[in-house]
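In what follows, a structure is listed as structure tokens, so that the remarks can point back to it.
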Amino acid sequence: MANPVTKLRNTAEEFKIKSPKDKKRFIVDSILNNALYILMLIFVIYTAIMKPNFLSLGSLANLITQVAAYLPMALGIGGCIVLTGTDLSAGRVMGLTAAVSAVFMQKLDIPNRMFAAMPEPSVPWLLVTLLVVLAIGALIGLVNGFFVAKFSLHPFIVTLSTQLITYGIILWFFNLNDNNGTPFGGLSDVYMDSVGGTMFRLDNIGVPVYVLYAVILTALMWFIWNKTTFGKNMFAVGSNAEAAKVSGVNVFWTTVLVHTLAGACYGYAGFIEGVRSGSVQAGTGMNAECDAIAACVIGGVSFVGGTGKISGIILGVVILRLIFVALTMLGVGSSSLYIIKGAIILCACALDMRKYLVKK
Amino acid sequence: MKKLFAVLLALAMVLGMAACAGGGDDVTNVSVFWYDESDVYLGSVRAALNAELDKLENVEYDNQFAANNQTTQLDQITTAIANGADILVVNVVTSGAVDIAQQVLDKAGDIPVIFFNRAIGADDSEVSFLKDNENVCFIGTDAPEAGHIQGKMIGEYLVANFDTVDLNGDGKISYAMMKGQEGNVEAEYRTQYGVEDANAVLTEAGKSELVYFDASNTDKYQVDPDGAWSSKAGKEYMDTNLVSYNEANDNMIELVICNNDGMAEGVVAALQEKGYNKEGGHHIPVFGVDATDNAKALIAAGAMTGTVKQDAEGMASAIAGTVNAIIGGSSCTAAPATLKDDRFTIDSTNSNKLYVAYAAYTGE
Chain A
0 MANPVTKLRN TAEEFKIKSP KDKKRFIVDS ILNNALYILM LIFVIYTAIM
50 KPNFLSLGSL ANLITQVAAY LPMALGIGGC IVLTGTDLSA GRVMGLTAAV
100 SAVFMQKLDI PNRMFAAMPE PSVPWLLVTL LVVLAIGALI GLVNGFFVAK
150 FSLHPFIVTL STQLITYGII LWFFNLNDNN GTPFGGLSDV YMDSVGGTMF
200 RLDNIGVPVY VLYAVILTAL MWFIWNKTTF GKNMFAVGSN AEAAKVSGVN
250 VFWTTVLVHT LAGACYGYAG FIEGVRSGSV QAGTGMNAEC DAIAACVIGG
300 VSFVGGTGKI SGIILGVVIL RLIFVALTML GVGSSSLYII KGAIILCACA
350 LDMRKYLVKK
Chain B
0 MKKLFAVLLA LAMVLGMAAC AGGGDDVTNV SVFWYDESDV YLGSVRAALN
50 AELDKLENVE YDNQFAANNQ TTQLDQITTA IANGADILVV NVVTSGAVDI
100 AQQVLDKAGD IPVIFFNRAI GADDSEVSFL KDNENVCFIG TDAPEAGHIQ
150 GKMIGEYLVA NFDTVDLNGD GKISYAMMKG QEGNVEAEYR TQYGVEDANA
200 VLTEAGKSEL VYFDASNTDK YQVDPDGAWS SKAGKEYMDT NLVSYNEAND
250 NMIELVICNN DGMAEGVVAA LQEKGYNKEG GHHIPVFGVD ATDNAKALIA
300 AGAMTGTVKQ DAEGMASAIA GTVNAIIGGS SCTAAPATLK DDRFTIDSTN
350 SNKLYVAYAA YTGE
């Protein structure tokens, strides 16, 4: 890996010997390629001037917490996008696994406990719950991957179908035992504390334990993407499935496993979401995949396939949460939040394609 | 040049978007959180509340919308606290589980929280929650009341017009029920009492009870699958129902009860496409709740029969009054009692629970 300082020095020297016209083009290109970050910086400075609290430690804690919550799903969906696909089922899978987590971890003494046979919530049982929801997520991912790989269906179609099927299962689940769709509440302290318990406080805002888990998950995903044969195969299939096949990559299993891994990530996201929303209702997780896909795209995981970095996904999530926090603090209505979000995604994709077209 | 223009344009947009903000430190910051921006009734509460809050001196407020997502709302609340909010006014997304309210309180710490409109828990849990916490109050409606009023109104209407409503003359009224959302406390009560109370009135008058139109549906309601109480759901269900239940088959739905006016609007639209509920056609009675402007217009035009008025101005003035009392130094438990208005009643067991009255509405 090149030393960034040397790299910068080299760029500076190259810049010196350029003709004035090339110099101008270089500057414009650099500005345009980094337009998103420049705009974000200006936006942050502006918000900080208008609302000094924006740069307080409490605000930082709030931002980190939100990033940690939105990251798992984006990390999962990132793999699908690397394969030039997408995953529309992510949000509903999160909803289902959140519901299952909640039901497994309900307090013993609440009147409307869903399943009387569930044992008393404890740490070992919490781990069982985690494994169960990871398995549920992975299973749905497996189904997605199988249909995509086996029948060469576009992931859009496959995951749209599983999204609907999963929502049907959620609704059915919420109506079991005369529950009539009532939200699952009364989550046990073990569950709340081991996932959402405060590690430490910055100002008056607590940083929950799942921030730590998010760090671990990110490290794990970075390892899978960059240091394993599976990760390398994923990028190979993403950039050119035919070429990958010829050079001996098992395209079928790579596709299936990428989706399965993504499903497990959503399962984990649901496990966290149960705690975050405090009680789970049938609508939990609706459209959550949109934010995750947006984060990946903003972070440079290209729909062209075969490109993307974990660091990019983190950056994408941070940018999206930054906009959310800043606009909430500025007190601008949700209308502008949606407009800005949309504009940024469009802008990011256009810039991304521009780089690609230049290369071509 | 083009590129430069593009960059400048984007820049201008971001700055323009952010320019609508302001702030100071010697004022009370009130943050109001709404479950969804597109709810019609809450839209009229918001208009009235903004006007009321504008009147209070040294109060700055902002409205946040959670797009029907509880997690988004909790993130917004944390952000508002980090931003130095002094009073939180919360319209929870997940109604029916008191855990959410507890989470909000845990986040808020010393900051007073006013919950409004959507019930924070099912009955018993809400009562004890409000009893156990001093820094909180609830301004809403007595959840079962709307259902009771609607049921009574339906019963009385049917007793007076039984033979016109009973299209096939079998001595029984077949009805459809549109439910806004699964698990929502208000929706549950309205679905239950809308029928039960109507039946009570019918039985007393010696008529037979209402019959759900589809014998194979044991739930005896159709619910908005998105939980959005939407006219879209009302329209789609009714369109589908009318395919197999109509006068040609002699099993036409003779009455439609809806959890809110939004769904009722959809039902009326579906009926009108089939020639009902407009001039010259037979009128199928449709009942809603909320008394939105659209519903009032439909009632005036004779396309809808009745609704239950949920008092948007009353709700707004109760919230603003409580905010004002808290700023004046009153505690959350004492603030509701300081409001003198015959539209409000304080709950008999909890002084921090205030009800805004409902009223039947069948046209002015």
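Quick note, the sequences are listed as chains A and B, same order. Residues 0 to 359 (numbering that gives the first Met the number 0) are what the first sequence spells out, left to right. Residues 0 to 363 (numbering that gives the first Met the number 0) are what the second sequence spells out, left to right. No residue lacks a Cβ here, since even glycine has one placed at the ideal position from N, Cα and C.
**Request:** With a threshold of 16 other CB atoms inside 10 Å of the CB of residue 198 of chain A, please say whether the residue is buried or exposed.
**Result:** Residue numbering aside, residue 198 of chain A sits at position 199 when the first sequence is read from its first letter. Under this definition residue 198 of chain A is an exposed residue.
**Prompt:** How big is the Cα-Cα spacing for residue 385 of chain B and residue 114 of chain B?
**Reply:** In the structure as shown, chain B begins at 0 and stops at 363. Residue 385 of chain B is therefore absent and cannot be evaluated.
**Request:** Identify which residue in B:106, B:112, B:27 has its Cα closest to the Cα of residue 277 of chain A.
**Result:** On the first sequence, position 278 is the one that residue 277 of chain A refers to. Ranking B:106, B:112, B:27 by Cα distance to residue 277 of chain A puts B:106 first.
**Request:** Under 8 Å by Cβ, that's how I've got residue 113 of chain A and residue 53 of chain A pegged, so tell me the actual separation to the nearest angstrom.
**Result:** Taking the first sequence and counting its residues from 1, one reaches residue 113 of chain A at position 114. Taking the first sequence and counting its residues from 1, one reaches residue 53 of chain A at position 54. Contact doesn't hold; Cβ gap of about 41 Å is too wide.
**Asked** For the alpha helix (DSSP H) that contains residue 105 of chain B, what are its first and last residues?
**Response** As a working note, residue 105 of chain B is residue 106 in the second sequence. It spans 97-107 - the alpha helix (DSSP H) in which residue 105 of chain B sits, taken as one unbroken run.
**Request:** Using a Cβ cut-off of 8 Å (strictly closer), state whether residue 223 of chain B contacts chain A.
**Result:** The residue you call residue 223 of chain B lines up with position 224 of the second sequence. Answer no: the Cβ-Cβ gap between residue 223 of chain B and chain A never drops below 8 Å.
**Message:** If the criterion is Cβ atoms closer than 8 Å, does the pair residue 431 of chain B and residue 322 of chain B meet it?
**Reply:** No statement about residue 431 of chain B is possible, as the shown extent of chain B runs from 0 to 363 and does not include it.
**Simplified DSSP assignment, three categories, for residue 353 of chain A** = Position 354 of the first sequence, counted from the start, is the residue given in the question as residue 353 of chain A. Of the three classes helix, strand and coil, the one that applies to residue 353 of chain A here is helix, per DSSP.
**Prompt:** Hey, residue 252 of chain B and residue 153 of chain B: beta-carbon distance below 8 Å or not?
**Reply:** Mapped onto the second sequence, residue 252 of chain B falls at position 253. Mapped onto the second sequence, residue 153 of chain B falls at position 154. Cβ atoms of residue 252 of chain B and residue 153 of chain B: not closer than 8 Å.
**Request:** Mind reading off the beta-carbon distance from residue 172 of chain B to residue 203 of chain A? Whole number of angstroms is fine, and I expect it under 8 Å.
**Result:** Within the second sequence, the letter at position 173 stands for residue 172 of chain B. Within the first sequence, the letter at position 204 stands for residue 203 of chain A. About 58 Å separates the two Cβ atoms, so there is no contact after all.
**Request:** Please name the residues in the region 303-317 of chain B whose beta-carbon is closer than 9 Å to at least one beta-carbon of chain A, in chain order.
**Result:** none
**Check: residue 357 of chain B C-beta below 7 Å from any heavy atom of the ligand NAD** = Because no ligand of any kind appears in the structure shown, any question about the ligand NAD cannot be addressed here.
**Asked** Hey, how far is the Cα of residue 261 of chain B from the Cα of residue 37 of chain B?
**Response** To locate residue 261 of chain B, count along the second sequence from 1; it is residue 262. To locate residue 37 of chain B, count along the second sequence from 1; it is residue 38. In a straight line, the C-alpha of residue 261 of chain B is about 11 Å away from that of residue 37 of chain B.
**Message:** Against residue 276 of chain A, what residues of chain B qualify as contacts under a CB-to-CB distance less than 8 Å, listed in chain order?
**Reply:** By one-based count along the first sequence, residue 276 of chain A stands at place 277. Neighbours of residue 276 of chain A on chain B, chain order: 69, 70, 73, 93, 99.
**Message:** Please classify residue 301 of chain A as buried or exposed, where buried requires at least 16 other C-beta atoms within 10 Å of its C-beta.
**Reply:** Indexing the first sequence from 1 puts residue 301 of chain A at position 302. Looking at its Cβ environment, which holds 16 or more other Cβ atoms inside 10 Å, residue 301 of chain A is buried.
**Item:** Limits of the unbroken beta strand (DSSP E) element including residue 359 of chain B
**Value:** Position 360 of the second sequence holds residue 359 of chain B. Where residue 359 of chain B is concerned, the enclosing beta strand (DSSP E) stretches over 357-360.
**Asked** residue 79 of chain A by DSSP, collapsed to three states: which one?
**Response** Here residue 79 of chain A corresponds to residue number 80 of the first sequence, with the count starting at 1. Three-state DSSP puts residue 79 of chain A in a helix.
**Request:** Mind reading off the beta-carbon distance from residue 63 of chain B to residue 327 of chain A? Whole number of angstroms is fine, and I expect it under 8 Å.
**Result:** Along the second sequence, read from residue 1 onward, the residue named residue 63 of chain B stands at position 64. Along the first sequence, read from residue 1 onward, the residue named residue 327 of chain A stands at position 328. Contact holds; Cβ gap of about 6 Å.
**residue 312 of chain B: first and last residue of the uninterrupted alpha helix (DSSP H) it sits in** = As a first step, residue 312 of chain B is located in the second sequence; it is residue number 313 there, counting from the start. 311-326 is the span of the alpha helix (DSSP H), which, as asked, contains residue 312 of chain B.
**Asked** DSSP three-state call for residue 59 of chain B: helix, strand or coil?
**Response** The residue you call residue 59 of chain B lines up with position 60 of the second sequence. If DSSP states are grouped into helix, strand and coil, residue 59 of chain B belongs with the strands.
**Message:** Please give me, in chain order, every unbroken run of the alpha helix (DSSP H) with length at least 4 that falls completely inside the region 171-215 of chain B.
**Reply:** 184-203
**Prompt:** Near residue 180 of chain A, what residues of its chain come up, given a Cβ to Cβ distance below 7 Å and the 5 sequence neighbours on each side ignored?
**Reply:** Within the first sequence, residue 180 of chain A is the residue found at index 181, counting from 1. Cβ within range, chain order: 173, 174, 281.
**Request:** Flag this pair as touching only if the region 84-102 of chain A and the region 311-322 of chain A have three or more C-beta atom pairs under 8 Å; answer yes or no.
**Result:** no
**Prompt:** What does residue 78 of chain B reach in chain A if we use C-beta pairs closer than 7 Å?
**Reply:** The count along the second sequence starts at 1 and reaches residue 78 of chain B at position 79. Neighbours of residue 78 of chain B on chain A, chain order: 61, 324, 327, 328.
**Asked** Taking the DSSP output, what are the residues bridged to residue 70 of chain B?
**Response** If you number the second sequence from 1, residue 70 of chain B lands on position 71. Paired residues: none, contrary to the question.
**Item:** Closest Cα partner of residue 107 of chain A within the set A:120, A:96, A:95
**Value:** Counting from one through the first sequence, the residue named residue 107 of chain A turns up at place 108. Out of A:120, A:96, A:95, A:120 has the C-alpha closest to the C-alpha of residue 107 of chain A.
**Prompt:** Hey, residue 116 of chain B and residue 92 of chain B: beta-carbon distance below 8 Å or not?
**Reply:** Sequence index remark: in the second sequence, residue 116 of chain B carries index 117 (1-based). Sequence index remark: in the second sequence, residue 92 of chain B carries index 93 (1-based). No; because the gap between Cβ atoms is not below 8 Å, this pair is not in contact.
**Request:** Give, in chain order, every residue of the region 183-204 of chain A whose Cβ lies closer than 8 Å to some Cβ of chain B.
**Result:** 183, 184, 185, 186, 202, 203, 204
**the region 158-178 of chain B in contact with the region 127-138 of chain B per 3-pair CB rule at 8 Å** = no
**Prompt:** Would a C-beta distance cut-off of 8 Å place residue 350 of chain B and residue 337 of chain B closer than the cut-off?
**Reply:** One-based indexing of the second sequence puts residue 350 of chain B at position 351. One-based indexing of the second sequence puts residue 337 of chain B at position 338. In this structure, residue 337 of chain B does not lie closer than 8 Å to residue 350 of chain B by Cβ.
**Asked** For residue 288 of chain A, which residues in chain D fall below 7 Å Cβ to Cβ?
**Response** In the displayed structure, chain D is absent; the protein chains listed are A and B.
**Request:** Identify every residue that forms a DSSP beta bridge with residue 252 of chain A.
**Result:** Here residue 252 of chain A corresponds to residue number 253 of the first sequence, with the count starting at 1. Partner(s): none; residue 252 of chain A has no beta bridge.
**Request:** Kindly indicate which residue of B:358, B:308, B:282 has the alpha-carbon position closest to the one of residue 163 of chain B.
**Result:** For the purposes of this step, residue 163 of chain B is taken as residue 164 along the second sequence, with counting starting at 1. That would be B:282, whose Cα lies nearest to the Cα of residue 163 of chain B.
**Item:** C-beta neighbour in chain B for residue 105 of chain A, strict 8 Å
**Value:** For this step, residue 105 of chain A is matched to residue 106 along the first sequence. No, because no Cβ of chain B sits closer than 8 Å to the Cβ of residue 105 of chain A.
**Prompt:** Identify the residues that DSSP records as bridge partners of residue 30 of chain B: which are they?
**Reply:** By one-based count along the second sequence, residue 30 of chain B stands at place 31. Note: residue 30 of chain B sits in a beta bridge opposite B:61, B:87.
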